[in-house]
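What follows is a set of notes on a single structure, which appears directly below.
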DNA sequence: GCGACAG
DNA sequence: ATCTTGTCGC
């Protein structure tokens, strides 16, 4: 698939923060009316000095339509708030290999629930010009009330007096997931669409399957 | 200065 | 994210 190269990746943390502050101004959020038919889930795993990105495409019936992956040396450390600079360049290489045109992309990490409103989901949404949703397993910033213990219970993640995400209990008695809009989608639509892709597991299928393949493909690489 | 801190 | 087996609980 095509994408816009908005900047270089090999830059200092200070410049990376400047870029985030600049790109944040380009974000747009809309209510999704159209029925979603094809979605993609993205996840990465690491081994040795390499990073492996996997993109899984699913249709509305959870059938896998396409899977692509890309492996390359990691060139950026993990710094809270700058995750996109570590995983973004590897994800983009996998994205180049993707042939299916999807409606929405789920990322492992936050969207606007970020210090500069530019978590990896929002950041990459601008590059690929697609609607994106951030699905994180823990919070980066913000405050929230612990949601009820039952599946479906939720509360809002707030920061600077604004609702930036939803803390959603996807299964009974399990840690909640943090859903936040990435790009071209609003909070309400993000929750609705994410819920439609959650079955019997904590994570929505696109993200869950991407993670599964990330581990599987990594093992194949280590044993051959 | 202290605590927090996506993956 | 990653190093790692069994085990408690729904």
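Numbering (the working numbering), first residue to last: 314 to 537.
Cβ coordinates follow ideal geometry from the N, Cα and C atoms, glycine included.
- Between residue 448 and residue 421 the beta-carbon gap is near 6 Å, inside 8 Å, which marks them as a contact.
- Within 10 angstroms of the beta-carbon of residue 465 lie fewer than 16 other beta-carbons, which makes it exposed.
- Rounded to the nearest whole angstrom, the CA to CA distance from residue 365 to residue 342 is 30 Å.
- Counting along the chain, the unbroken alpha helix (DSSP H) around residue 326 starts and ends at 326-336.
- The three-state secondary structure of residue 472, taken from DSSP, is strand.
- A buried status is given to residue 453, since no fewer than 16 other beta-carbon atoms sit within 10 Å of its beta-carbon.
- Under the three-pair Cβ rule at 8 Å, the stretch 394-402 counts as touching the stretch 319-333.
- Beta bridge pairing from DSSP links residue 435 with no other residue.
- A distance below 6 Å between beta-carbons, with the five flanking residues on each side excluded, links residue 333 to the following residues of its chain, in chain order: 429 and 431.
- For residue 445, DSSP records a beta bridge to 418 and 496.
- Per DSSP, residue 394 lies in no beta strand (DSSP E) segment and is marked neither H nor E.
- DSSP places residue 521 in the uninterrupted alpha helix (DSSP H) bounded by 518-535.
- In this structure, residue 531 places its C-beta atom within 8 Å of the C-beta atom of residue 360.
- Annotation for residue 486: 462 place their beta carbon closer than 7 Å to its own, counting only its chain and skipping 5 residues before and after.
- Counting C-beta pairs closer than 8 Å gives three or more between the stretch 348-358 and the stretch 506-524, which meets the contact rule.
- Between the C-alpha atoms of residue 434 and residue 408 there is a straight-line separation of about 14 Å.
- Here the stretch 503-516 makes contact with the stretch 480-495; the two share three or more CB pairs at distances below 8 Å.
- Judged by beta-carbon spacing, residue 495 lies beyond the 8 Å limit of residue 455, meaning their Cβ atoms are not closer than that value.
- CA-CA distance, residue 533 to residue 527, rounds to 10 Å.
- DSSP, read as helix, strand or coil, puts residue 409 in helix.
- Sequence-distant partners of residue 314 (beyond 5 residues in either direction) whose C-beta falls short of 6 Å from its own C-beta, in its chain, are 408 and 411.
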